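I have placed the structure first, in the form of structure tokens, so that the comments after it can refer back to it.
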Amino acid sequence: MKKVCLFLLLITASYADEFSGELVAKIIPSENQGYFILSDGTYWKVTTFQKRWRNPLEWLVGDEIYVPENYESSLTDWIFGDEFDAYPKYGNLRVNEEDASNIKELKECSYLLVNPRTEKILFAIPLHPSDFVFELYNEGHDNGYRSGYSAGRSDGYSLGYSTGRTLASWERLQDGG
24 MKKVCLFLLL
34 ITASYADEFS
44 GELVAKIIPS
54 ENQGYFILSD
64 GTYWKVTTFQ
74 KRWRNPLEWL
84 VGDEIYVPEN
94 YESSLTDWIF
104 GDEFDAYPKY
114 GNLRVNEEDA
124 SNIKELKECS
134 YLLVNPRTEK
144 ILFAIPLHPS
154 DFVFELYNEG
164 HDNGYRSGYS
174 AGRSDGYSLG
184 YSTGRTLASW
194 ERLQDGG
């Protein structure tokens, strides 16, 4: 069954479309993940390659993790108006995904976005416009909930703790000691 799935994946990837366009909009909610809109009307969820640390055994043996420089890019390096080419990941990948700390996100990506000017590369997932909006909403909701929950909890705890401590001290003073 695995061989059949792999065969179908390779056939599908070999007939995958290639895209080209200029960057017209970008949204970067986190340091390593963002959303791009290209001038050809395509929407992309993009992820950077994050090189993992060597494990102790690799370190002792002296193994190095080699990642080509053009795969190590930041989302802020990508400038509006830059031309981009999107290629299917399978058959064009020149790095071992196992050397990434964000391997799960990279496995989900099916395309590589290449900037011909800088030769920098991002991993990408093409999105339908409605999926694009849905992803942005979920990302914003999750980030807002995480920051709001922690801020609200710490503020509430601090206020409750200081109020309770003040009331307890006041009651102790009224009781005479």
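In this text, residue positions in the sequence shown follow the working numbering: the first is 24, and each later residue adds one. Heads up, the beta-carbon is just placed ideally off N, CA and C, and yes, glycines get one too. Computed from a predicted structure; not experimentally measured.
Take Ile126, set aside five residues on each side of it, and the residues of its chain with a beta-carbon closer than 7 Å to its own are Glu120, in chain order.
A straight-line Cα-Cα distance of about 32 Å links Pro91 and Gly163. Burial state of Trp76 is exposed, judged by a 10 Å Cβ sphere holding fewer than 16 other Cβ atoms. In the DSSP assignment, Trp76 falls outside any beta strand (DSSP E) and carries neither an H nor an E.
With a cutoff of 8 Å on beta-carbon distance, Leu145 and Leu136 are scored as near each other.
Within the DSSP secondary-structure output, Asp108 pairs in a beta bridge with Ser43 and Val137. Distance from the CA of Tyr110 to the CA of Phe42, rounded to the nearest whole angstrom, comes to 7 Å. CA-CA distance, Thr65 to Ser170, rounds to 31 Å.
Beta-carbon to beta-carbon, Ala147 and Gln73 are separated by about 15 Å, too far to satisfy the 8 Å threshold.
The beta-carbon separation of Gly57 and Ile51, rounded to 4 Å, stays under the 8 Å limit for a contact. In the three-state scheme derived from DSSP, where H, G and I count as helix and E and B as strand, Gly167 is classed as helix. Looking from the CA of Glu54, the closest CA among Asn166, Arg140 and Gln197 belongs to Asn166. Proximity to Glu87 across Pro79, Tyr94 and Asn93 peaks at Pro79, based on C-alpha coordinates.
The beta-carbon separation of Val118 and Tyr94, rounded to 5 Å, stays under the 8 Å limit for a contact. Here the C-alpha atom of Val156 lies approximately 30 Å from the C-alpha atom of Gly114. In the three-state reduction of the DSSP assignment, Tyr66 falls in the strand class, which pools E and B. DSSP lists Val69 as the beta-bridge partner residues of Gly57. In this structure, Trp82 keeps its C-beta atom at 8 Å or more from the C-beta atom of Lys49.
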